[in-house]
Amino acid sequence: MDAILSRLFSSEEEELYVLDCLACTFVALLFQDVPYGRYAPSTGRFRVDARIAWFVQELPAFLVPFCLVVWTSSAKTSLLPNQLVIAMYFCHYIQRSLIYPFLIRGGKPTPLDSFVLAIMFCMYNGYMQVRYLSHYADYPAHWVTHPRFIAGSVLWLVGWLVNMHSDHILRNLRKPGETGYKIPTGGLFEYVSGANFLGEITEWAGFALAGYSVHSTAFAIFTAVVLSSRAVSHHKWYHAKFEDYPKSRKALVPFLF
51 MDAILSRLFS
61 SEEEELYVLD
71 CLACTFVALL
81 FQDVPYGRYA
91 PSTGRFRVDA
101 RIAWFVQELP
111 AFLVPFCLVV
121 WTSSAKTSLL
131 PNQLVIAMYF
141 CHYIQRSLIY
151 PFLIRGGKPT
161 PLDSFVLAIM
171 FCMYNGYMQV
181 RYLSHYADYP
191 AHWVTHPRFI
201 AGSVLWLVGW
211 LVNMHSDHIL
221 RNLRKPGETG
231 YKIPTGGLFE
241 YVSGANFLGE
251 ITEWAGFALA
261 GYSVHSTAFA
271 IFTAVVLSSR
281 AVSHHKWYHA
291 KFEDYPKSRK
301 ALVPFLF
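Mapped onto the numbering used here, the consecutive letters of the sequence shown carry residue numbers 51 to 307.
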């Protein structure tokens with residue numbers, strides 16, 4: 051892959067500039083309306099099976115960084131701070147791309163345009179995050195004991211666990227043979243409608259704090275804005291669909307919002 055990168059960029063300075071520019075593109079992505087799941091149109095567009103869509107669209111987020119770490123001169127991967135932040139990224143996407151798709155039960159097919167955009171996003175975000183961490187990120191030797199890194203690591207772990215536990219609850223809402231939507235209960239769903247979204251927002255906020263770069267911060271902000279909006283939409287949808295939906299439950303932040 052070094053040969054490919056050397057053809058694309060004339061110098062490391064140029065590649066680092068491109069990485070910084072990629073972080074800025076998250077602003078433009080905020081204005082893209084990409085419906086999926088329960089909000090995707092049921093007719094009028096070619097659609098991809100939910101399991102296939104999740105597997106194929108998320109796989110580049112794992113494969114591209116894996117190739118960057120294994121088959122390029124990753125100058126920083128021998129350093130502990132870089133290793134730990136990269137490990138946070140891989141822990142999420144190993145689960146999201148290699149495990150999660152095969153646990154999906156049913157699931158609404160994904161529109162083709164949403165599917166293609168997700169593939170492109172996972173490719174460029176995976177490249178941006180891990181190329182910077184593996185080749186350019188320069189942390190002080192004591193970074194792993196810095197309060198910012200420790201706080202970020204704890205946030206990441208809590209968010210990762212909440213996200214996986216919430217996904218487990220959602221997968222098991224319906225018994226075999228049942229169809230339709232049901233009210234999620236248990237875990238943080240007792241307090242918010244978007245427990246899975248809260249977990250992922252917390253996870254990437256921790257990643258950004260531990261990684262302390264414009265690239266991880268841009269991704270964390272993008273995730274927070276997009277998933278907050280989706281949590282609010284879910285919350286309104288639940289209240290409209292279920293008369294007995296818990297009135298005290300908030301959209302995203304327990305007791306507040």
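Beta carbons: idealized from backbone N, C-alpha and C, even for Gly. Predicted model only: the values in this text are computed from it and were never measured.
{"Asked": "Using 10 angstroms around the beta-carbon of Arg155, count the other beta-carbons present and answer buried if the total reaches 16, otherwise exposed.", "Found": "exposed"}
{"Asked": "Could you have a look at Thr160 and say whether DSSP puts it in helix, strand or coil?", "Found": "strand"}
{"Asked": "Quick one: give me the first and last residue of the alpha helix (DSSP H) that Phe112 is part of.", "Found": "Ala100 to Val120"}
{"Asked": "Is the separation between the beta-carbon of Met214 and that of Gly249 shorter than 9 Å?", "Found": "yes"}
{"Asked": "Could you tell me whether the Cβ atoms of Val303 and Val242 are closer together than 9 Å?", "Found": "yes"}
{"Asked": "Roughly how many whole angstroms lie between the Cα atoms of Leu167 and Asp99?", "Found": "16 Å"}
{"Asked": "Mind listing, in chain order, the continuous alpha helix (DSSP H) runs of no fewer than 4 residues lying wholly within the segment 170-242?", "Found": "197-221"}
{"Asked": "Determine the DSSP secondary structure at Lys297, reduced to helix, strand or coil.", "Found": "coil"}
{"Asked": "Name the DSSP bridge partner or partners of Arg155?", "Found": "Answer is none; Arg155 lacks a bridge partner."}
{"Asked": "Taking the C-alpha atoms as reference points, what is the distance between Ile251 and Ile271?", "Found": "9 Å"}
{"Asked": "Compare the beta carbon distance of Pro151 and Arg101 with 9 Å and say whether it is the shorter of the two.", "Found": "yes"}
{"Asked": "Looking only at DSSP bridge pairs, what is Arg97 linked to?", "Found": "Pro161"}
{"Asked": "Let me check you understand the geometry: is the CB of Asp294 closer than 8 Å to at least one non-hydrogen atom of the ligand NAD?", "Found": "In terms of ligand content, the structure shown is empty, and the ligand NAD therefore cannot be addressed."}
{"Asked": "For Asp163, count neighbouring C-beta atoms within 10 Å of its own C-beta (all shown protein chains included) and say buried if the count is 16 or more, exposed if not.", "Found": "exposed"}
{"Asked": "If Asn132 sits next to Phe269, beta carbons under 8 Å apart, how far is it from one beta carbon to the other, in whole angstroms?", "Found": "That pair is no contact at about 17 Å."}
{"Asked": "Among Lys297, Gly209, Lys291 and Leu72, whose alpha-carbon lies nearest the alpha-carbon of His265?", "Found": "Leu72"}
{"Asked": "May I have the straight-line CA-CA distance separating Ser123 from His185, to the nearest angstrom?", "Found": "8 Å"}
{"Asked": "From Asp217, Leu207 and Cys117, pick the residue whose C-alpha is nearest to that of Val180; which is it?", "Found": "Cys117"}
{"Asked": "Closest to Met170 by C-alpha separation, out of Tyr139, Asp70, Pro110 and Leu220, would be which residue?", "Found": "Pro110"}
{"Asked": "With a 10 Å radius around its C-beta and 16 neighbouring C-beta atoms as the bar for buried, classify Gly209 as buried or exposed.", "Found": "buried"}
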